[in-house]
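Read the structure below first, then the notes.
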Amino acid sequence: MNGILIQGQRYRNYYARDYLGRDLYEHGRSISDNLVTCGPHTCGVGAHCIHGNNSECRGHQSCVNQHCIDPCAGACGVNANCDVRNHIPVCSCPPGYTGNPFSSCRIADPEEACHPSPCGANTKCHVANNQAVCTCLPGYRGSPLTGCHHECESDGECGAQQSCRDFKCVSPCSDCGVNADCETVAAHRAICKCPRGYHGDPYRICSAECTSDSECPSYKPACIYNACVDPCVNACGTNAECHLRGLTPVCSCPRNMTGDPFSYCRPFEAPERPVCTCPAGYIGNALVSCERGDCELDSQCPDNLACVGYRCLDPCLGNTQCGSGAVCMARRHIAVCTCPNGRNGDALVNCYDTQSVVATGRYYRFKRDGNYTSQPEDVKVPEAPAAVVTEVKEAETQTKAEEKKE
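No gaps in the numbering here: position 66 of the sequence shown is 66 in the UniProt record's numbering, and each next residue is one more.
Rendered as structure tokens:
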């Protein structure tokens with residue numbers, strides 16, 4: 001049904017549903033310009049005849065029968081809310097209610113907004129604040145209003161570092177076994193390797209090969225980083241030979257070659273006459289192999305030994321510088337010649353029995369180069385009477401006391 005609007009001093013009709021009319025016709029003739037007055041049958045069913053202008057009323061009122069009144073009175077249905085907007089009543093159901101606000105509002109079923117579901121395929125519908133909310137099911141993606149689909153159905157739908165597993169794009173490194181490393185991902189597939197010191201199937205489990213040398217076989221006797229290895233592998237230079245001493249690799253050039261065995265061995269040239277020597281600090285047969293010596297300085301040896309030919313040896317061994325009957329003792333890495341108890345004389349020449357011709361209580365200290373020093377006790381007599389023997393013993397006692405001080 002149309003409303004009728006009459007401009008100026010004319011009358012107008014309106015409906016509670018906010019329909020207004022102008023330039024209206026009835027039975028083929030215009031009735032917009034006819035001056036009418038409000039009467040019992042001026043307006044149609046359900047319409048009101050208003051004489052006046054809404055602008056003359058406040059915003060929440062309407063001009064009805066030349067009176068400014070609340071237009072919401074009787075305008076909306078049961079339980080509905082009515083708000084006046086620009087003199088016009090607006091009906092709505094309150095929160096928690098649903099229905100037609102012009103007839104009746106009822107308490108809404110919490111799940112009613114999802115029945116039927118306004119969501120697309122592969123979605124879930126739930127109600128929040130009386131509104132339907134659509135979400136994609138787990139493993140699906142897309143627009144929940146139009147429909148969701150799997151995150152992937154093939155590897156090509158995932159990034160280069162991922163693969164499609166159970167319709168999801170995930171890292172393929174989960175294919176690697178226990179203790180294995182995932183090095184790279186190629187063509188959506190993981191490349192798994194056992195780390196250094198481990199062996200086994202990298203796609204199942206990697207285990208340590210060894211934890212000590214005793215667990216390794218003879219052909220790979222050293223346990224290095226949990227792996228049994230041959231220490232000679234890559235230890236020597238080109239053409240060099242490697243032999244193990246214990247677990248230490250020893251490199252040497254073959255007999256018909258020369259050079260640095262740690263870098264390169266080459267054949268001898270015609271005019272070459274090789275002379276093999278062990279380098280400083282090394283000992284051994286230079287034609288076979290050289291090994292590092294025990295020492296280079298006396299201080300690197302115990303106090304009773306001296307550094308001789310890069311070995312810690314007793315400086316008295318093979319000593320011929322002590323005289324007949326003398327005794328050699330090592331002190332502070334040096335050989336010391338002395339006459340033993342009951343003897344006296346020159347320890348570098350001869351030690352005499354105290355009953356025979358008495359020399360001095362002199363003792364000598366000398367080094368390996370033959371140089372020596374002496375500390376004399378001036379006790380020298382042509383014969384050895386009893387009184388002189390006593391003096392000699394006293395001299396020996398004094399000499400021994402001085403030795404202890406040193």
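Just so you know, even glycine gets a beta-carbon here, dropped at the ideal spot from N, CA and C.
Same chain, Cβ closer than 8 Å to residue i, neighbours up to 5 away in sequence not counted
i    : result
C148 : G120, A121, N122, T123, C136, L137, Y140, R141, G142
R311 : I283, G293, D294, C295
G237 : C251, G259, D260, P261, F262, S263, Y264, C265
R255 : L287
E406 : Interpretation of E406 is limited by its pLDDT of 47, a score under 50 that renders its predicted location unreliable; the figure taken from the coordinates is listed afterwards. If we look at E406 and ignore the five residues flanking it on each side, its Cβ neighbours are R331.
G325 : C339, P340, R343, G345, N350, C351, Y352
M257 : N239, C265, R266, P267, F268
Nearest-angstrom beta carbon gap, residue j and residue i [assumed within contact, 8 Å]
i    : j    : result
P71  : P89  : 5 Å
N226 : G197 : 3 Å
H188 : C152 : Not really, about 10 Å apart at Cβ, beyond 8 Å.
I205 : N234 : That belief does not hold up - the Cβ atoms of I205 and N234 are roughly 29 Å apart, past 8 Å.
C351 : G318 : About 20 Å; that fails the 8 Å criterion.
E209 : H199 : 5 Å
C242 : C232 : 4 Å
C328 : C316 : 4 Å
Counted within 10 angstroms of its Cβ, other Cβ atoms place residue i as buried (16 or more) or exposed
i    : result
T343 : Correcting the residue identity first, residue 343 is Arg in this sequence and not Thr. Buried.
V250 : buried
S207 : exposed
T184 : exposed
T248 : exposed
T146 : exposed
S62  : buried
V336 : buried
N54  : buried
H87  : buried
H115 : exposed
T277 : exposed
P267 : exposed
P217 : exposed
T354 : buried
V64  : buried
P271 : exposed
Spatial neighbours of residue i in its chain, beta-carbon cut-off 7 Å, leaving aside the 5 residues before and after
i    : result
G281 : R292, G293, E296, Y310
N230 : Just to set this straight, residue 230 is Asp in the shown sequence, not Asn. Only Y219, K220 meet the Cβ criterion.
D298 : A306, C307, H333
F167 : G139, H150, E151, C152, E153
A113 : V127, N130, Q131, A132
S104 : G77, V78, N79
V69  : Going by the sequence as given, residue 69 is Ile instead of Val. The residues are Q61, S62.
G99  : C93, C105, R106
Beta-carbon contacts of residue i that lie in its chain and below 6 Å, excluding the five residues immediately before and after
i    : result
S163 : D155, P172, H188
N304 : A330
S117 : C125
K193 : D181, E183, P202
G28  : Residue placement at G28 cannot be trusted, given a pLDDT of 42 that sits under 50; what the coordinates show is reported in the next sentence. Correct list: empty, nothing qualifies.
C91  : C76, A80, C82, P101, F102
L244 : none
Handout entry: Contiguous beta strand (DSSP E) assignments of at least 3 residues, all confined to the segment 159–200
Key = 163–165, 168–170, 181–186, 189–193
Practice task
Can you check the segment 252–287 for any beta strand (DSSP E) of at least 3 residues that lies completely inside it and give the ranges in chain order?
Solution key: 257–260, 264–267, 282–285
Practice task
Mind listing, in chain order, the continuous beta strand (DSSP E) runs of no fewer than 3 residues lying wholly within the segment 315–356?
Solution key: 327–331, 334–338, 343–346, 350–353
Practice task
Report the residue ranges of all beta strand (DSSP E) runs contained in full by the segment 218–246; include only those spanning at least 3 residues, in chain order.
Solution key: 222–224, 227–229, 241–245
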